[in-house]
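These notes concern the structure reproduced below.
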Amino acid sequence: METHRRKKVEIVIESVRAQDALDWITSYGVTGHTLIPHVTGAGHQGRQAGDDLTRLFENVLIIAITREEIARRILEDSVQMFENYTAIVYLSDVEVARGEHF
Amino acid sequence: METHRRKKVEIVIESVRAQDALDWITSYGVTGHTLIPHVTGAGHQGRQAGDDLTRLFENVLIIAITREEIARRILEDSVQMFENYTAIVYLSDVEVARGEHF
Amino acid sequence: METHRRKKVEIVIESVRAQDALDWITSYGVTGHTLIPHVTGAGHQGRQAGDDLTRLFENVLIIAITREEIARRILEDSVQMFENYTAIVYLSDVEVARGEHF
Numbered sequence: 000m001e002t003h004r005r006k007k008v009e010i011v012i013e014s015v016r017a018q019d020a021l022d023w024i025t026s027y028g029v030t031g032h033t034l035i036p037h038v039t040g041a042g043h044q045g046r047q048a049g050d051d052l053t054r055l056f057e058n059v060l061i062i063a064i065t066r067e068e069i070a071r072r073i074l075e076d077s078v079q080m081f082e083n084y085t086a087i088v089y090l091s092d093v094e095v096a097r098g099e100h101f
Numbered sequence: 000m001e002t003h004r005r006k007k008v009e010i011v012i013e014s015v016r017a018q019d020a021l022d023w024i025t026s027y028g029v030t031g032h033t034l035i036p037h038v039t040g041a042g043h044q045g046r047q048a049g050d051d052l053t054r055l056f057e058n059v060l061i062i063a064i065t066r067e068e069i070a071r072r073i074l075e076d077s078v079q080m081f082e083n084y085t086a087i088v089y090l091s092d093v094e095v096a097r098g099e100h101f
Numbered sequence: 000m001e002t003h004r005r006k007k008v009e010i011v012i013e014s015v016r017a018q019d020a021l022d023w024i025t026s027y028g029v030t031g032h033t034l035i036p037h038v039t040g041a042g043h044q045g046r047q048a049g050d051d052l053t054r055l056f057e058n059v060l061i062i063a064i065t066r067e068e069i070a071r072r073i074l075e076d077s078v079q080m081f082e083n084y085t086a087i088v089y090l091s092d093v094e095v096a097r098g099e100h101f
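Pasting the structure below:
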């Protein structure tokens, strides 16, 4: 069977900004995503607790499978997009069966 | 240290079909998995909300590490297996220390 | 834009040992992580249910992006570190925009 190489874009971002991030990647042509809520994290801008009372800083992990050129534009533009708040973005290679879905 | 290349199989599928999907990959010889519950998603077949009142369309993310030949058969057969409902399947490369476990 | 290759380290481990695992990877120089709670799994040491009454055996998935040499030392040392209990560790390739953060 012929399979298709795509890129997986992963974004870890505060829950309160998840919809903004989804709208943002959709504007590049991303047609689907998976969102994992209630994740916690720590990074270069400090610890963020998912069990924080206010939940203001709870994170989500957004996963999107898309074409390489779209993924590269998202990664490149993420530097400016997320300049002022905590978010991490990374790409990896995946292989799918139905290329027309991604 | 010698490490071992394996494939990661990821399946996003409705929660109500998770057990079917686990039984299905086990039938190929997959010996372990990780399941992330309560994920939400949107794709070519429309939005699926994890906070839906009925939870009928809540998704899970299943992750399994296995040998390449098994992963390829799962990816290939997934087209027919998931023909009639929303599921996405993709493969990627991983490296493990203890090859006998996967 | 110049991007940077890093390794993603993923660790699936019992929730009660998550902090130990985080302290352990931090000791190698890992500077950030994402933790997904409440995951379930089954593997070569048997099934572990996230909805277990005691929650003793509920798992978490820890994701860390780091430099290759750190990731390789963690993978290698994980064999001894997790010799006596259920944990799985695997590496994969990722690409990031801001190398100084990982």
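Going line by line, the protein sequences match chains A, B and C.
Quick note on numbering that gives the first Met the number 0: the first sequence kicks off at 0 and runs consecutively.
Quick note on numbering that gives the first Met the number 0: the second sequence kicks off at 0 and runs consecutively.
Quick note on numbering that gives the first Met the number 0: the third sequence kicks off at 0 and runs consecutively.
Ideal placement from N, C-alpha and C gives every residue a C-beta, glycine not left out.
Is the shortest distance between the beta-carbon of Arg-54(A) and the beta-carbons of chain B less than 8 Å? Only weak support is given to the placement of Arg-54(A): the predicted model assigns it a pLDDT of 42, under 50, and the value that follows is read from those uncertain coordinates. No, its Cβ sits nowhere closer than 8 Å to a Cβ of chain B.
Give the secondary structure of Leu-52(C) by DSSP, where H, G and I count as helix, E and B as strand, and everything else as coil. Low local confidence applies: a pLDDT of 45 at Leu-52(C) is under 50, so the model's placement there is unreliable, with the coordinate-based value given in what follows. It is coil, neither helix nor strand.
Quick one: give me the first and last residue of the alpha helix (DSSP H) that Val-78(A) is part of. Going by DSSP, Val-78(A) is part of the alpha helix (DSSP H) stretching over 67-80.
Enumerate in chain order the residues of its own chain whose CB-to-CB distance from Ser-91(A) is below 8 Å, with the five nearest sequence positions on each side excluded. If we look at Ser-91(A) and ignore the five residues flanking it on each side, its Cβ neighbours are Lys-6, Lys-7, Glu-9.
What residue range is occupied by the uninterrupted alpha helix (DSSP H) comprising Thr-17(A)? What sits at residue 17(A) in the sequence shown is Ala, not Thr. Annotation: the continuous alpha helix (DSSP H) that includes Ala-17(A) extends over 17-25.
Relative to the alpha-carbon of Arg-66(C), which residue among Leu-60(C), Val-93(C), Met-0(C), Val-15(C) has its alpha-carbon at the smallest distance? Closest by alpha carbon: Val-93(C).
If the cut is a Cβ gap below 8 Å, which residues of chain A does Ser-77(C) touch? What Ser-77(C) touches in chain A: nothing, since even the nearest Cβ is about 20 Å away.
Just the Cα atoms here: how many angstroms apart are Glu-75(C) and Ala-96(B)? One C-alpha to the other measures close to 7 Å.
Alpha-carbon spacing of Arg-72(C) relative to Ile-12(B), whole angstroms: About 35 Å.
Using a beta-carbon distance below 8 Å, is Leu-34(B) in contact with chain A? Closer than 8 Å: no.
Mind listing the chain C neighbours of Thr-2(B)? Cutoff is C-beta to C-beta under 9 Å, in chain order. Here the neighbours are Arg-71, Leu-74, Glu-75, Leu-90.
Check the Cβ-Cβ distances between Thr-39(B) and every residue of chain A, and say whether any is below 8 Å. True, the Cβ-Cβ gap to chain A drops below 8 Å.
In angstroms with no decimal places, state the Cα-to-Cα distance between Ala-86(C) and Val-78(C). Looking at the two C-alpha atoms, the distance is approximately 9 Å.
Using 8 Å as the limit for Cβ to Cβ distance, is Asp-50(C) near chain A? Bear in mind that a pLDDT of 49 at Asp-50(C), under 50, signals an unreliable position, so the number given afterwards is only what the model happens to contain. Taking Cβ atoms only, chain A never reaches closer than 8 Å to Asp-50(C), which makes this a no.
Gly-177(B) - DSSP class collapsed to helix/strand/coil: This structure does not reach residue 177(B), given that chain B is present from 0 up to 101, and the question cannot be answered.
Give the interface partners of Asn-10(A) over in chain B, defined as CB-CB distance under 8 Å, in chain order. It is Ile, not Asn, that sits at residue 10(A) in the sequence shown. Under a criterion of Cβ atoms nearer than 8 Å, no residue of chain B is adjacent to Ile-10(A); the nearest Cβ is some 14 Å distant.
The beta strand (DSSP E) with Glu-57(A) in it runs from where to where? Going by DSSP, Glu-57(A) is part of no beta strand (DSSP E) at all; its letter is neither H nor E.
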